Amino acid sequence: MTDVTEGARARVDMKLEIVVIPVSDVDRAKQFYANLGWRLDADFAAGDWRVIQFTPPGSPSSVIFGKNVTAAAPGSAQGLYLVVPDIEAARNDLLGRGIKVSEAFHGGGDVHTGSDEPYLFGRLRVSGRDPERGSYQSFASFSDPDGNGWLLQEITARLPGRVDTDGTTFSSSTELASALRRAAAAHGEHEKRNGGQRDENWPDWYAEYIVNEQAGKPLPS
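Those letters in the sequence shown? Residues 7 to 227, by the numbering used here.
What follows is the structure, encoded as structure tokens:
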């Protein structure tokens, strides 16, 4: 029998597809998630069973809830992360839809005690987005009618190893536009450092910046 090492095995893709959230009133939950602007993918019922599926904009994964879908207590799902390129833009979108959402905040220390929910990276919140606009550092939170807790997290650049470097992808035009704005701002500083001269190779510089930022690689100077 031939021993196949881990490195020699063909990788099998395992893509997270569904997160189940427990709710007490299915129609109320359906209205809430529809109001978020999420795409309704399914609403199936058969006998004493019903399942509803929604997908957030730009997300490869979806959520399902319904009747006899899970035995978990309604409202027990906490710390459900929604990654956004701009925390304030995401907040304003939710507020415009009539959703109650917290102010933007950032961490004030590695304190993992207390009752503040659903902030998993520490319980101490400091008002406002991270002053240095660090990726992974700015948050806002909201809950559905049952109390299932959602967390918005602003991510503009992934940590090394978090992105497949074989390709650069964006889940929406909004995400790509945000990346272009950051590249434009950084390129402006690049031109200043070079005597204010116009960089004729700016498309190459932009491309390198955007690809490296997403993959967590060193950025061009």
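Here a beta-carbon is modelled for each residue, glycine too, at the ideal position from N, C-alpha and C.
Bear in mind the structure is a predicted one, so any value in this text is a computation, not a measurement.
Inter-residue spacing [alpha-carbon to alpha-carbon] between residue i and residue j
| i | j | result |
| --- | --- | --- |
| LYS248 | ASP205 | Only positions 7 to 227 of the chain appear in this structure, which leaves residue 248 out of reach. |
| ALA189 | ALA48 | 38 Å |
| VAL57 | TRP208 | 50 Å |
| HIS118 | GLU219 | Reliability fails at HIS118, whose pLDDT of 44 lies under 50, so the model's placement of it is uncertain and the value that follows must be treated cautiously. So the alpha carbons of these two residues sit roughly 30 Å apart. |
| ASP122 | VAL26 | Any reading at ASP122 must be qualified, since the residue scores a pLDDT of 49, below 50, and its modelled position is unreliable; the value itself is stated next. When rounded, the distance between both Cα atoms is 23 Å. |
| VAL90 | ILE161 | 6 Å |
| PHE145 | ASP54 | 39 Å |
| THR175 | PHE148 | 28 Å |
| ALA51 | ARG17 | 36 Å |
| PRO124 | GLN84 | In this prediction, PRO124 scores a pLDDT of 47, lower than 50, which makes its location untrustworthy; no coordinate-derived value is stated. |
| ASP150 | TRP211 | 43 Å |
| TYR215 | PRO224 | 9 Å |
| SER82 | THR76 | 11 Å |
Extent of the continuous beta strand (DSSP E) to which residue i belongs
| i | result |
| --- | --- |
| PHE50 | 45 to 52 |
| LYS73 | 68 to 73 |
| THR61 | 55 to 61 |
Spatially closest choice to residue i from the options, by CA coordinates
| i | options | result |
| --- | --- | --- |
| SER67 | GLY114, GLN59, TYR212 | GLN59 |
| THR180 | PHE148, SER65, PHE145 | SER65 |
| PRO226 | GLY201, GLY194, GLN159 | GLY194 |
| LEU100 | THR76, ALA78, PRO63 | PRO63 |
For residue j and residue i, believed in contact at Cβ under 8 Å, the rounded distance
| i | j | result |
| --- | --- | --- |
| GLY104 | ASN41 | 7 Å |
| ASP33 | PRO80 | At roughly 14 Å, the Cβ-Cβ gap does not stay under 8 Å, so ASP33 and PRO80 are not in contact. |
| PHE111 | ARG131 | 4 Å |
| PRO137 | ALA78 | Incorrect: roughly 38 Å between the Cβ atoms, too far for contact. |
Distance cut-off 7 Å: residue i Cβ against heavy atoms of the ligand SAM
| i | result |
| --- | --- |
| GLN37 | Because no ligand of any kind appears in the structure shown, any question about the ligand SAM cannot be addressed here. |
CB contact flag (residue i, residue j, <8 Å)
| i | j | result |
| --- | --- | --- |
| ARG164 | GLY222 | yes |
| LEU88 | LEU157 | yes |
| LEU46 | GLY155 | no |
| SER184 | ASP92 | yes |
| GLN143 | GLY113 | yes |
Proximity test, Cβ basis, 8 Å: residue i and chain C
| i | result |
| --- | --- |
| PRO80 | The chain inventory of the structure shown lacks chain C, comprising one protein chain alone. |
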